[in-house]
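Which chain is which? The protein sequence lines are A and B, in order. Residues in the first sequence are numbered consecutively from 0, following numbering that gives the first Met the number 0. Residues in the second sequence are numbered consecutively from 0, following numbering that gives the first Met the number 0. Glycine included, C-beta positions come from ideal geometry on N, C-alpha and C. Below is one structure, written out as structure tokens, with a few remarks after it.
Protein chains: 2
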Amino acid sequence: MIPYVIVVEDEAALATLLQYNLEKEGYEVAIASDGEEALLMVSERVPDMMVLDWMLPKLSGIEVCRCLRADKSTPNIPIIMLTARSEEDERVRGLDTGADDYITKPFALSELLARIRAVLRRAKPSLIEESLHCGNMVLDRSTHKVLRHGKEVPLGPTEFRLLEHFMSQPGRVFSRTQLIDAIWGTEVDVEIRTVDVHVGRLRRALNAGHQHDAIRTVRSAGYALRAD
Amino acid sequence: MIPYVIVVEDEAALATLLQYNLEKEGYEVAIASDGEEALLMVSERVPDMMVLDWMLPKLSGIEVCRCLRADKSTPNIPIIMLTARSEEDERVRGLDTGADDYITKPFALSELLARIRAVLRRAKPSLIEESLHCGNMVLDRSTHKVLRHGKEVPLGPTEFRLLEHFMSQPGRVFSRTQLIDAIWGTEVDVEIRTVDVHVGRLRRALNAGHQHDAIRTVRSAGYALRAD
DNA sequence: GAGTTTTGTGAAGGTTGTGTGACAGTTTTA
DNA sequence: TAAAACTGTCACACAACCTTCACAAAACTC
Numbered sequence: 000m001i002p003y004v005i006v007v008e009d010e011a012a013l014a015t016l017l018q019y020n021l022e023k024e025g026y027e028v029a030i031a032s033d034g035e036e037a038l039l040m041v042s043e044r045v046p047d048m049m050v051l052d053w054m055l056p057k058l059s060g061i062e063v064c065r066c067l068r069a070d071k072s073t074p075n076i077p078i079i080m081l082t083a084r085s086e087e088d089e090r091v092r093g094l095d096t097g098a099d100d101y102i103t104k105p106f107a108l109s110e111l112l113a114r115i116r117a118v119l120r121r122a123k124p125s126l127i128e129e130s131l132h133c134g135n136m137v138l139d140r141s142t143h144k145v146l147r148h149g150k151e152v153p154l155g156p157t158e159f160r161l162l163e164h165f166m167s168q169p170g171r172v173f174s175r176t177q178l179i180d181a182i183w184g185t186e187v188d189v190e191i192r193t194v195d196v197h198v199g200r201l202r203r204a205l206n207a208g209h210q211h212d213a214i215r216t217v218r219s220a221g222y223a224l225r226a227d
Numbered sequence: 000m001i002p003y004v005i006v007v008e009d010e011a012a013l014a015t016l017l018q019y020n021l022e023k024e025g026y027e028v029a030i031a032s033d034g035e036e037a038l039l040m041v042s043e044r045v046p047d048m049m050v051l052d053w054m055l056p057k058l059s060g061i062e063v064c065r066c067l068r069a070d071k072s073t074p075n076i077p078i079i080m081l082t083a084r085s086e087e088d089e090r091v092r093g094l095d096t097g098a099d100d101y102i103t104k105p106f107a108l109s110e111l112l113a114r115i116r117a118v119l120r121r122a123k124p125s126l127i128e129e130s131l132h133c134g135n136m137v138l139d140r141s142t143h144k145v146l147r148h149g150k151e152v153p154l155g156p157t158e159f160r161l162l163e164h165f166m167s168q169p170g171r172v173f174s175r176t177q178l179i180d181a182i183w184g185t186e187v188d189v190e191i192r193t194v195d196v197h198v199g200r201l202r203r204a205l206n207a208g209h210q211h212d213a214i215r216t217v218r219s220a221g222y223a224l225r226a227d
């Protein structure tokens, strides 16, 4: 059973971006571009969770949230709110209204994905995939632990997210730019060579114990997980 | 379903060049020579993506971009902007406006094709072909790997792009000049015999293991992939 | 078969891309 | 509040790769 997510977002560019990435992550996704449409879609098929923009045409995110919470027929759908930085101080109101979490734009995709997983884990534990496997490595999201050959590998936060991203699509080559967008976020500007340093650290951690390199460098293209 | 691309470019020479090469790559292409024409064409048939020159008569590329993003009836069309080097510093504005990527003129065709694929992959994954096959060879773009008889063939960046180009039209003969334009770019000047050297290296790599030559030399014309 | 044109290829030198230790600043932990 | 862990950047060294050249080999011409 794959989780069904409704994303309510009027900005088309962001909406498709989310749709694509959530689908890649294994969710079934539907887009609503305003509050009314969102409620309509919920009445057609109750989603496992919703991602809800704060500012929306016709019916604001907060109103949608209230409607859903008030309506007895819709069960307790987990909701994550998207807010712009300027609206940040209103987050309390958002949480009051019944949102399970909020995230301020701009955000890194990995951040949103992590929160969606967290919220889903709380609400529908059976739906969520908790661990990634590849070759002799296991990454467990719930415990934030990585094993290689059954032996625990200590990783810093950035290295963990990096590995998580690699393991979500083993073998695929990611350019440094793509990695920055995925791990750090599109809005942050981070020196391109920083990626090398973190990949280097990830490498050292994974390969401790003289095993063969788990990461492949593809010259003039980027890095990939060795998918053997 | 082959992807439909609208190229908006007022410089006729470049426009035809792009049309020719994109069609060869398997896209359906339409040319618009100014911004107004572009919007008209979009209203007639929504493309899967657009290549948009920054400087255009009547309605600049950036304005076209804004119009498309603002108009609710046009869905989120992926856009790649073409900018001249002098406008490079404005690229931030380009991305702000909602372009998915930009590329500065002059550029190598292979570069543009790669970006088009990247953008399409993000927006319409089903439309894009990730691997090329020919005879006993497979080239996988997502993992940057080449197999012959199921065995991995190690290639440098230039050899990889060269093979990619050959495999995009197996059997077709490319002149050294055409290869330079496609792999290195039209503005770079590279000695013509350099092509020979790289073809030689590609040959050696592919034929390692005494198989029959995968590349055909056509005397006084150029090289081609053996399409058997 | 001698002369001409075109191509293959080894070697040399230059260029670019990558790995990595060090460091100063920041955040987290104890 | 001090110590530890982590982050992002830089500079340097090294390895991979690129381009060119010269000469040898091959293909073609007559």
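query, result
"Taking the alpha-carbon positions, what's the A:ILE79 to A:PHE159 distance?", "23 Å"
"Return yes when the C-beta of A:PRO77 is under 7 Å from any heavy atom of the ligand HEM, and no when it is not.", "Questions concerning the ligand HEM fall outside what the structure shown contains, since it holds no ligand whatsoever."
"Mark B:HIS211 as exposed unless 16 or more other C-beta atoms lie within 10 angstroms of its C-beta, in which case mark it buried.", "exposed"
"B:GLY148 touches chain A at which residues, Cβ-Cβ below 9 Å?", "The residue you asked about is not Gly; residue 148 of chain B is His in the sequence shown. Within 9 Å Cβ-Cβ: nothing; B:HIS148 doesn't reach chain A, min ~18 Å."
"Going by DSSP, which residues form a beta bridge with A:GLY221?", "A:VAL217"
"Would B:LEU146 pass as a contact of B:VAL152 if the rule is Cβ separation under 8 Å?", "yes"
"Listed from N- to C-terminal order along the chain, which residues in the stretch 209-222 of chain A have their beta-carbon within a distance smaller than 7 Å of any beta-carbon of chain B?", "VAL217, ARG218, SER219 and ALA220"
"Across the stretch 163-176 of chain A and the stretch 129-137 of chain B, are there enough close Cβ pairs to call them in contact, namely three or more that are closer than 8 Å?", "no"
"Going by other Cβ atoms of all chains shown within 10 Å of its Cβ, with 16 needed for buried, is B:LYS150 buried or exposed?", "exposed"
"Are the stretch 197-206 of chain A and the stretch 1-20 of chain B touching by the rule of at least three beta carbon pairs closer than 8 Å?", "no"
"Taking a cut of 8 Å between CB atoms, which residues from the stretch 176-205 of chain A lie near chain B?", "none"
"Residues of chain A with CB under 8 Å from B:PRO156, in chain order?", "ARG218, SER219 and ALA220"
"Exposed or buried, what is B:HIS143 when buried is set at 16 or more other beta-carbons lying within 10 Å of its beta-carbon?", "buried"
"Measuring CA to CA, which of A:PRO56, A:GLY25 and A:VAL118 is closest to A:GLU36?", "A:PRO56"
"Who are the neighbours of A:GLY170 on chain B, taking C-beta pairs under 7 Å?", "THR142"
"Answer with buried or exposed for B:ASP52, where buried requires no fewer than 16 other C-beta atoms within 10 angstroms of its C-beta.", "buried"
"Answer with yes or no whether the minimum CB distance from B:ASN229 to chain A is below 8 Å.", "With chain B covering 0 to 227 only, the question about residue 229 of chain B has no answer from this structure."
"From A:ILE5, A:ASP195 and A:ARG121, pick the residue whose C-alpha is nearest to that of A:GLU43; which is it?", "A:ILE5"
"Determine the direct distance from the alpha carbon of B:MET48 to that of B:VAL118, and round the result to whole angstroms.", "8 Å"
"Could you name the residues of the stretch 49-69 of chain B whose beta carbon sits closer than 9 Å to any beta carbon of chain A, in the order they occur along the chain?", "ARG68"
"B:ARG192 lies in the alpha helix (DSSP H); which residues open and close that run?", "192-206"
"Provide the residue(s) that pair with B:ASP52 in DSSP beta bridges, ordered along the chain.", "B:LEU81"
"For the beta strand (DSSP E) holding B:HIS132, just list the boundary residues, first then last.", "130-133"
"So what does B:LEU138 bridge to, in DSSP terms?", "B:LEU131 and B:VAL145"
"Return the CA-CA distance between A:ALA220 and A:SER59, expressed in angstroms with no decimal places.", "43 Å"
"Output yes if chain B places a C-beta closer than 8 Å to the C-beta of A:TYR19; else output no.", "yes"
"List, in chain order, every chain B residue whose beta-carbon is nearer than 7 Å to that of A:THR15.", "ASN75 and ALA122"
"Determine whether the Cβ of B:GLU89 lies closer than 8 Å to any Cβ atom of chain A.", "Unreliable positioning characterises B:GLU89 in this predicted model, as indicated by a pLDDT of 48, which lies under 50. A coordinate reading is not provided."
"How should B:VAL217 be labelled, buried or exposed, when 16 other C-beta atoms within 10 angstroms of its C-beta is the threshold for buried?", "exposed"
"Where does B:ILE76 fall in DSSP's three states?", "coil"
"Could you work out which residues of chain B lie near A:ALA12, taking near to mean beta carbons separated by less than 9 Å?", "ARG68, ASN75, GLY97 and ASP99"
"Grab the span of the beta strand (DSSP E) containing B:LEU123 for me, first residue to last.", "The identity of residue 123 of chain B in the sequence shown is Lys, whereas the question assumes Leu. Run containing B:LYS123: none; DSSP gives neither H nor E here."
"Just the Cα atoms here: how many angstroms apart are A:ASP100 and A:VAL187?", "22 Å"
"If we ignore side chains and look at the alpha-carbon of each, how far apart do A:MET40 and A:GLU8 end up?", "13 Å"
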